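Worksheet for the structure shown next.
Chains as they are written, first to last, in this note's numbering: chain A, 1 to 189; chain B, 1001 to 1189.
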């Protein structure tokens, strides 16, 4: 094996979009790969304090977190390039549509396939930097990503995967196994 | 859009293996999907306090975190089924090979393609449950997953993706885009 030094090389990483309202009701969306589920009803966002998003979170105590899909990869990527601190029309440039969540004081971007609507539980500096913990109040899915059981079929999400090593985006391929299934061959039962 | 209620539905999630030594030098490995990078040199593990892994972490203050690949999917899945609290041979049943890390007091499972070697920085109860923060001291990669630039080629990892909705494992498909690239069309520059 080769030693590569210190790098944040976990794979896969998600491509997540954090959407918030500013003090003027303005929609801001930023792109984040370092974060996700931290409890059965909670998510963790590892974002710097100087983001527009953080300013908005302090004000509204709410956000939505959406999964980026292949069809909106350029828009999702832009949300990681432009800064809401510098641009007044960062969101509007994409032509995407935001509507107010019925569950929290934050916008839902309708084009993304899967969105968690969250309230801020805690935010502040930690040993690993600025962190926001949100409680999931509802999950919203586009009708076309639902399977026959009425629940999300992840194959239909067309979710993209972030490659931290070379900044690539990958698609998700075929289903190859079943959790709490493939490993049973090592069990006594 | 359809409202689905409260669920931890972020996608993709990684399939990560946490490897530790017990007080007798015994290797334990557990499977985790809720966690990952939380800073450029840190990872967060969201695991319960009653795991064998947590007991070991309190003792050794070190762990390794590996990416599960398709070739070792059954082994990785087993590490999420069996408990080191109940089984004395949980790791040995898989036939995998553990060697001591040169960087931290924890085992490296040689068969996994990519491993982060970490020291515990902080562990304890938080607003979102028990959490462990680790500092990355080194990243190790199998030689066969390196690209021509000597760095990790994520396509060669054959990493698997966890589907929280239906407990499926998926493979990663083709590269479809470039971060800080595809979104530039919305920039002024």
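Cβ atoms here follow ideal geometry from the backbone N, Cα and C, with glycine treated the same way.
In this text the structure is predicted, and so the values were computed from the model without any measurement.
### Task
Under 8 Å between beta-carbons, which chain A residues line up against residue 1162 of chain B? List them in chain order, please.
Here residue 1162 of chain B is taken as the residue at index 162 of the second chain, counted from 1. Close partners of residue 1162 of chain B in chain A (Cβ separation under 8 Å): 179.
### Message
In this structure, how does DSSP classify residue 77 of chain A when only helix, strand and coil are distinguished?
### Response
As a position in the first chain, residue 77 of chain A is number 77, starting the count at 1. Helix.
### Message
Applying the 10 Å Cβ sphere with the 16-neighbour rule, what's the burial state of residue 99 of chain A?
### Response
In the first chain, counting from the first residue as 1, residue 99 of chain A sits at position 99. Residue 99 of chain A is exposed by the Cβ-count criterion.
### Message
Residues of the segment 31–50 of chain A in Cβ contact with chain B at a cutoff of 9 Å, in chain order, please.
### Response
For the segment 31–50 of chain A, the beta-carbon criterion of a distance under 9 Å to any beta-carbon of chain B is satisfied by 31, 33, 34, 35, 36, 37, 38, 39, 40, 41, 42, 43, 44, 46.
#### Entry: Residue-chain proximity (residue 1059 of chain B, chain A), Cβ-Cβ < 8 Å
Taking the second chain and counting its residues from 1, the one referred to as residue 1059 of chain B is at position 59. The beta-carbon of residue 1059 of chain B is placed no less than 8 Å from the nearest beta-carbon of chain A.
#### Entry: Chain-order list of residues whose beta-carbon lies under 7 Å from that of residue 135 of chain A (same chain, five-residue window excluded)
On the first chain, position 135 is the one that residue 135 of chain A refers to. Excluding sequence neighbours, residue 135 of chain A sits near 41, 42, 118, 119, 121.
#### Entry: Beta-carbon proximity list for residue 116 of chain A, same chain, < 7 Å, skipping 5 on both sides
Indexing the first chain from 1 puts residue 116 of chain A at position 116. Cβ within range, chain order: 43, 64, 65, 136, 139.
### Query
Leaving out the 5 sequence neighbours to the left and right, which residues in its chain are closer than 7 Å to residue 94 of chain A when beta-carbon positions are compared?
Within the first chain, residue 94 of chain A is the residue found at index 94, counting from 1. The answer, listed in chain order, is 75, 78.
### Query
Secondary structure at residue 1046 of chain B, three-state DSSP: helix, strand or coil?
In the second chain, residue 1046 of chain B corresponds to position 46, counting from 1. In this structure, residue 1046 of chain B counts as coil in the three-state DSSP scheme.
### Task
At 9 Å on the CB atoms, spell out the chain B contacts of residue 70 of chain A, in chain order.
Here the question's residue 70 of chain A lines up with position 70 in the first chain. For residue 70 of chain A, the C-beta contacts it makes with chain B under 9 Å involve 1176, 1177, in order along the chain.
### Query
So the beta strand (DSSP E) residue 1137 of chain B belongs to, where does it begin and stop?
Here residue 1137 of chain B refers to the residue found at position 137 of the second chain. Element bounds for residue 1137 of chain B: 1129–1141.
### Task
Compile a chain-ordered list of the residues in the segment 1086–1108 of chain B whose CB is closer than 7 Å to at least one CB of chain A.
Only those residues of the segment 1086–1108 of chain B whose C-beta falls short of 7 Å from the nearest C-beta of chain A are listed: 1093, 1094.
### Message
Quick check on this structure: which residue in B:1107, B:1171, B:1170, B:1153 has the alpha carbon closest to the alpha carbon of residue 167 of chain A?
### Response
As a working note, residue 167 of chain A is residue 167 in the first chain. With distances taken between Cα atoms, residue 167 of chain A lies closest to B:1153.
### Query
What are the partner residues of residue 35 of chain A, as DSSP defines its beta bridges?
One-based indexing of the first chain puts residue 35 of chain A at position 35. Beta-bridge partners of residue 35 of chain A (DSSP): A:45.
### Query
residue 155 of chain A by DSSP, collapsed to three states: which one?
Residue numbering aside, residue 155 of chain A sits at position 155 when the first chain is read from its first letter. Residue state, collapsed to three classes: helix.
### Task
Could you pull out every residue in the same chain whose Cβ sits closer than 7 Å to the Cβ of residue 1060 of chain B, ignoring the five residues on either side in sequence?
Taking the second chain and counting its residues from 1, one reaches residue 1060 of chain B at position 60. Close CB contacts of residue 1060 of chain B within its chain, under the 7 Å cut and outside five residues either way in sequence, are with 1020, 1021, 1105, 1106 (chain order).
### Task
Provide the residue(s) that pair with residue 3 of chain A in DSSP beta bridges, ordered along the chain.
Translated into the one-based positions of the first chain, residue 3 of chain A becomes position 3. Bridge partners of residue 3 of chain A: B:1140.
### Task
For residue 83 of chain A, go through chain B and note every residue whose CB falls closer than 8 Å to its CB, in chain order.
As a working note, residue 83 of chain A is residue 83 in the first chain. Taking a Cβ-Cβ threshold of 8 Å, none of the residues of chain B is close to residue 83 of chain A; the smallest such distance is about 11 Å.
### Query
Roughly how many angstroms lie between the CA atoms of residue 91 of chain A and residue 72 of chain A, to the nearest whole one?
On the first chain, position 91 is the one that residue 91 of chain A refers to. On the first chain, position 72 is the one that residue 72 of chain A refers to. So the two alpha carbons sit approximately 13 Å from each other.
### Task
Identify whether residue 149 of chain A lies in helix, strand or coil by the three-state DSSP scheme.
Position 149 of the first chain, counted from the first residue, corresponds to residue 149 of chain A. Assignment of residue 149 of chain A by DSSP, reduced to helix, strand and coil, places it in the coil class.
### Query
Exposed or buried, residue 52 of chain A, counting other C-beta atoms within 10 Å across all chains shown (16 or more means buried)?
One-based indexing of the first chain puts residue 52 of chain A at position 52. Answer is buried; the Cβ neighbour count reaches 16.
### Integer Cβ distance of residue 1057 of chain B from residue 1165 of chain B, believed to fall under 8 Å
Position 57 of the second chain holds residue 1057 of chain B. Position 165 of the second chain holds residue 1165 of chain B. At roughly 29 Å, the Cβ-Cβ gap does not stay under 8 Å, so residue 1057 of chain B and residue 1165 of chain B are not in contact.
### Query
First and last residue of the beta strand (DSSP E) that includes residue 126 of chain A?
Reading the first chain from its first residue, position 126 is the one you call residue 126 of chain A. Start and end: 114–126.
### residue 1047 of chain B versus residue 1016 of chain B: straight-line alpha-carbon distance, rounded
Numbered from 1 along the second chain, position 47 holds the residue referred to as residue 1047 of chain B. Numbered from 1 along the second chain, position 16 holds the residue referred to as residue 1016 of chain B. One C-alpha to the other measures close to 12 Å.
### Query
In whole angstroms, what is the alpha-carbon distance linking residue 175 of chain A and residue 1085 of chain B?
Reading the first chain from its first residue, position 175 is the one you call residue 175 of chain A. Reading the second chain from its first residue, position 85 is the one you call residue 1085 of chain B. When rounded, the distance between both Cα atoms is 31 Å.
### Query
Which residues in the same chain as residue 1161 of chain B place their Cβ atom closer than 6 Å to its Cβ, once the five residues preceding and following it in sequence are excluded?
Mapped onto the second chain, residue 1161 of chain B falls at position 161. Within the same chain, residue 1161 of chain B has close Cβ partners 1012, 1170.
### Task
For the alpha helix (DSSP H) holding residue 1175 of chain B, just list the boundary residues, first then last.
Residue numbering aside, residue 1175 of chain B sits at position 175 when the second chain is read from its first letter. From DSSP, residue 1175 of chain B is part of no alpha helix (DSSP H) but of the beta strand (DSSP E) over 1168–1178.
### Query
DSSP beta-bridge partners for residue 1012 of chain B?
On the second chain, position 12 is the one that residue 1012 of chain B refers to. Under DSSP, residue 1012 of chain B shares a beta bridge with no residue.
### Query
So, does the CB of residue 52 of chain A fall closer than 8 Å to a CB anywhere in chain B?
Residue 52 of chain A sits at position 52 when you count from the first residue of the first chain. Answer no: the Cβ-Cβ gap between residue 52 of chain A and chain B never drops below 8 Å.
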